[in-house]
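Trainee:
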Amino acid sequence: MAETVRLFGAHGSVGTRTDGGGDWGLWLANCPGAVMHLISSGNVWLEVPQEPRRLLRPGDAVLLPPGTAHGLSSGEGVRMVPCDLVAASRARDQGGVVRLGSGPVSARFITVNYDLDPAVSRTSGSMPGAVLHVEAASSRKLDATIGLLCDELSHPEMGATAAVNSLVDLLLVQFVRAVGGGGFAPATSPWLTTVSDPVVRDALALMHRRPAYPWTTADLASAVRVSRATLSRRFPATLGMSPGAYLASWRMDVAAARLRDTDDSIEVVAESVGYGSSHAFRRAFQRARGQSPLRYRAVSRVASQ
């Protein structure tokens, strides 16, 4: 499961705590990463263009794809106001709450942002392309994690930052589990099939854990205890590429992250992803990323500052 989450290169951070009272509406127009809203109390309506309105109840969690414009409100016909990024940033930094509406508080929710690691290519995987809604009753563990996060944010103590960061990452894992066991139709997103198909999931886990190993389709099929023909059929049906093509892409993702985040030599990076020749690795990386490993290291470090 950890490998499935890692596939997306997603890094979570708490956005804001929000309280709504009376008539209120919030419109979020520009969300570069994926967004998860966690309803801690009251009812909240979710509106996404060209989709039916959804009622979110206490304990519910909803994950929206990167860049999805959407609104949250107390009810139909309420005027939506743009998200005040300055107020949200101030509340986040000071441990405060964004207040919407003027009546007594009737709903509370937490927004979590998941930024995608630019080192992870979208060919190796992506966040789901559909809005995913997990109801409180469908996942006891997810509900418990939401409760812990609410408590940490409402009553911060020593080590609160570390605790919150861990809970935010755990939330995505719990959400993935809830989705995988929640009977969602695989056609909704290839991501769901990846999560729910044990053959594909286990094959991915092996490649993620040992990217330097010279995996063949036959090796992977044997390791996950299916025939080569079965893996050869189900893997591309899920991810749109063969196990070999996926492994090549994943190796470049691992190498890109290592080039950016460590001072390892090109030779060490090449060996860590299965290349015995640094020259062969340089050619493969140039072909995959459009620039040499050293150039990528320099540019990605400047971009991450």
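Going by our numbering, the sequence shown wraps up at 999, each residue one higher than the last. The C-beta atom is built at its ideal place from N, Cα and C for all residues, glycine as well.
(1) According to the neighbour-count rule (16 or more other Cβ atoms, all chains shown, within 10 Å of its Cβ), is residue 949 buried or exposed?
(2) Report the option in 733, 760, 728 and 847 whose CA atom is closest to the CA atom of residue 785.
(3) Express the C-alpha separation of residue 751 and residue 717 in angstroms, rounding to a whole number.
(4) Please work out which residues of its chain come closer than 6 Å, Cβ to Cβ, to residue 840, disregarding the five sequence neighbours upstream and downstream, and give them in chain order.
(5) Under 6 Å Cβ to Cβ from residue 994, same chain only, skipping five residues before and after it: list those, please.
(6) Using a Cβ distance threshold of 8 Å, determine whether the stretch 963-976 contacts the stretch 920-940, with at least three qualifying pairs required.
(7) Quick one, which of 755, 907, 951 and 825 has its alpha-carbon nearest residue 833's?
(8) Report all residues from its chain with a CB closer than 6 Å to the CB of residue 868; omit the five preceding and five following residues, and keep chain order.
(9) What separation, rounded to the nearest whole angstrom, lies between the Cα atoms of residue 798 and residue 788?
(10) Closer than 8 Å by C-beta to residue 719: which residues in its own chain qualify, once you throw out the five before and the five after it? Chain order, please.
(11) Decide if residue 807 is buried, meaning its Cβ has at least 16 other Cβ atoms within 10 Å, or exposed.
(12) Where does residue 739 sit, in a helix, a strand or coil, going by DSSP?
(13) In angstroms with no decimal places, state the Cα-to-Cα distance between residue 724 and residue 744.
(14) Can you tell me whether residue 758 sits near the ligand NAD, meaning its C-beta is under 7 Å from at least one heavy atom of the ligand?
(15) According to DSSP, is residue 902 helix, strand or coil?
(16) Who are the Cβ neighbours of residue 881 in its own chain at under 8 Å, not counting the five residues just before and after it?
(17) Okay, do the stretch 937-944 and the stretch 912-929 touch, 3+ Cβ pairs below 8 Å being the bar?
(18) If you drop the 5 nearest sequence neighbours on each side, which residues of the same chain put their C-beta closer than 7 Å to that of residue 905?
(19) Mapping the DSSP letters down to three states, classify residue 1005 as helix, strand or coil.
(20) Sort out for me which residues DSSP pairs residue 776 with in a bridge.
(21) Taking residue 860 as the reference, give the member of 849, 873 and 842 with the closest Cα.
(22) According to DSSP, simplified to helix, strand and coil, what is residue 764?
(23) For the alpha helix (DSSP H) that residue 963 lies in, which residues bound it at each end?
(24) Hey, would you say residue 983 sits closer than 8 Å to residue 990, going by beta carbons?
(25) Would you kindly check if the distance between the Cβ of residue 801 and the Cβ of residue 792 is under 8 Å?
(26) Assuming the contact rule is C-beta atoms closer than 8 Å, residue 804 and residue 734 should be a hit. Round their C-beta distance to whole Å, please.
Mentor: Taking the structure as given:
(1) Counting from 1 along the sequence shown, the entry for residue 949 is found at position 255. Residue 949 is buried by the Cβ-count criterion.
(2) One-based indexing of the sequence shown puts residue 785 at position 91. The shortest C-alpha separation from residue 785 is found at 847.
(3) Position 23 of the sequence shown holds residue 717. Position 57 of the sequence shown holds residue 751. When rounded, the distance between both Cα atoms is 17 Å.
(4) Looking up residue 840 in the sequence shown gives position 146. Correct list, in chain order: 732.
(5) Here the question's residue 994 lines up with position 300 in the sequence shown. Counting only Cβ-Cβ distances below 6 Å, and skipping sequence neighbours, we find 954.
(6) no
(7) Locating residue 833 in the sequence shown gives position 139, where the first residue counts as 1. Of 755, 907, 951 and 825, the residue nearest in Cα terms is 755.
(8) As a working note, residue 868 is residue 174 in the sequence shown. The answer, listed in chain order, is 835, 836 and 839.
(9) The residue you call residue 798 lines up with position 104 of the sequence shown. The residue you call residue 788 lines up with position 94 of the sequence shown. If you take the alpha carbons of residue 798 and residue 788, they lie about 23 Å apart.
(10) Numbered from 1 along the sequence shown, position 25 holds the residue referred to as residue 719. Counting only Cβ-Cβ distances below 8 Å, and skipping sequence neighbours, we find 765, 766, 767, 768, 772, 773, 774, 775 and 794.
(11) Sequence index remark: in the sequence shown, residue 807 carries index 113 (1-based). Result: buried.
(12) For the purposes of this step, residue 739 is taken as the residue at position 45 of the sequence shown. Residue 739 falls in the strand class under three-state DSSP.
(13) Reading the sequence shown from its first residue, position 30 is the one you call residue 724. Reading the sequence shown from its first residue, position 50 is the one you call residue 744. Taking the straight line from one Cα to the other gives about 17 Å.
(14) The ligand NAD is absent from the structure shown, which contains no ligand whatsoever.
(15) Numbered from its first residue, the sequence shown carries residue 902 at position 208. Residue 902 falls in the helix class under three-state DSSP.
(16) Counting from 1 along the sequence shown, the entry for residue 881 is found at position 187. Because residue 881 sits at a pLDDT of 41, beneath the cut-off of 50, its placement in the model cannot be relied upon, and the point is left open.
(17) yes
(18) Start at 1 with the first residue of the sequence shown, and residue 905 comes out as number 211. Taken in chain order, the residues that qualify are 944, 945, 948, 967 and 968.
(19) Nothing can be reported for residue 1005, as the shown portion of the chain is limited to 695 through 999.
(20) Taking the sequence shown and counting its residues from 1, the one referred to as residue 776 is at position 82. DSSP, once it has assigned bridges, lists 721 as partnering residue 776.
(21) Residue numbering aside, residue 860 sits at position 166 when the sequence shown is read from its first letter. Looking at the Cα atoms, 842 is the closest of the given residues.
(22) For this step, residue 764 is matched to residue 70 along the sequence shown. Strand.
(23) In the sequence shown, residue 963 corresponds to position 269, counting from 1. Residue 963 -> alpha helix (DSSP H) spans 960-966.
(24) Here residue 983 is taken as the residue at index 289 of the sequence shown, counted from 1. Here residue 990 is taken as the residue at index 296 of the sequence shown, counted from 1. Yes, they are a contact pair.
(25) Taking the sequence shown and counting its residues from 1, the one referred to as residue 792 is at position 98. Taking the sequence shown and counting its residues from 1, the one referred to as residue 801 is at position 107. Not a contact, by the Cβ cut-off of 8 Å.
(26) Against the sequence shown, residue 804 aligns to sequence position 110. Against the sequence shown, residue 734 aligns to sequence position 40. That pair is a contact at about 6 Å.
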